[in-house]
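In terms of the numbering used here, the sequence shown has 944 at position 55, counting the first letter as 1, and numbering is strictly consecutive. Each residue gets a CB set at the ideal place from its N, CA and C atoms; glycine is no exception. Take a look at the structure below.
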Amino acid sequence: MRSFKQTIEAQSQEKKTDIILALDLFLPDKKTQLERSMAILESVHDNICAVKLNRQTVLPLGLHLGADKIVAQAHRLDVPAIMDAKINDVGQTNAAIATCYFDAGFDAVIASPFVGWDDGLQPVFELAKARSKGVLVLCYMSHKGSVEGYGQTVLDPKTGKPKAQYEVFAERALNWGADGLIAGATYPEKIFKIYEIVEGEIPIYSPGIGVQGGDVELAIEAGARYLIIGRSIYSAEDPRKASKTFQERARKLIFKD
Ligand code: BMP
């Protein structure tokens, strides 16, 4: 069975797209939220290589009463589904959370490295491996406060010398066998540093394009392999057209055509 890393790579190559839709609609009426989410996914599916759901979708719709319908629809359209749960608890809880999302059909989960390996993310990685699912690890987030955590200077556990926290996380993700690293498009210089550390071994997923100020070309030139885009697609007047525009801009750089 293919790993998540291979599945998304195959989708991306086949459709010549590196765009991941962040389907984060948050509407007062749940029925409308579900219908609109499904309609947007249907209309943009040719231009994306995966869809990412976040908790603002899963909480109101329910995991087994709505969110799983979006996942099933994504699979019908041959689109892998990522759950942005930012898993960040003790091992047993993390494993239970990951189990819930994998049981609902998600192909990968996003996790936070601050919780560490031992009795932290180890059970999530083991579970994912056993079920051929993926784990993507946050490395440097796209918002301003990211510097306070991911950007802080820590002592490198190997050398005892000062080092940026996100650099230590990138090295750890390599050892953990992560399927992807998340680094904000709002900080291309951080993407570049992470790319140097992982030497292309782990694909970099970059959110923060458009509304948050990140740029398609700068993120890809710095080393991003996948671009996670939400509001600039689903809030556009014509989401299909917006997704196509992003896909074409990225295609020139990623696929060189
Ligand atoms: P938008 O393109 O609308 O800004 O959405 C970005 C998506 O990526 C949201 O789901 C957000 O939670 C997520 N995200 C992010 O913006 N920055 C990060 O560093 C990590 C994320 O998961």
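Practice problem: Report yes or no: do three or more beta-carbon pairs, one from the segment 1046-1059 and one from the segment 1095-1105, lie closer than 8 Å? | Solution: No, they do not touch.
Self-check item: Check whether A1074 and A1108 have beta carbons under 7 Å apart
Solution: Result yes, Cβ atoms of A1074 and A1108 sit closer than 7 Å.
Self-check item: Proximity to I1175 [Cα-Cα], best of Y1115, E1110, V1105
Solution: The shown model of the chain, from 890 to 1146, leaves out residue 1175, and the question about it has no answer.
Quiz item: Three-state secondary structure (DSSP) at S926?
Solution: helix
Practice problem: Report the rounded CA-to-CA distance for A956 versus G1066, giving the unit in angstroms. | Solution: Straight-line measurement puts the Cα of G1066 at about 28 Å from the Cα of A956.
Quiz prompt | Three-state secondary structure assigned by DSSP to I1091 | solution = coil
Practice problem: Mind the definition here: the segment 939-950 touches the segment 963-975 only if three or more C-beta pairs lie below 8 Å; say whether that holds. | Solution: yes
Quiz item: Would the C-beta of N943 count as close to the ligand BMP, meaning under 6 Å from any of its heavy atoms?
Solution: yes
Quiz item: From Y1039 to L1063, what does the alpha carbon distance come to, in whole angstroms?
Solution: 17 Å
Quiz item: Once you ignore the five residues that flank V1024 on each side, which residues in its own chain have a CB closer than 7 Å to its CB?
Solution: A997, V998, A1000, V1013, F1014, A1017, A1067, D1068
Exercise. Return helix, strand or coil for I937, following the three-state DSSP convention.
Key: coil
Quiz item: Within 10 angstroms of its Cβ, does H964 collect 16 or more other Cβ (buried), or is it exposed?
Solution: Counting other Cβ atoms within 10 Å of its Cβ, H964 stays below 16 and is therefore classed as exposed.
Quiz item: In chain order, what residues of the same chain lie with their CB nearer than 7 Å to the CB of M1030, ignoring the 5 residues before and after it?
Solution: Y1039, G1073
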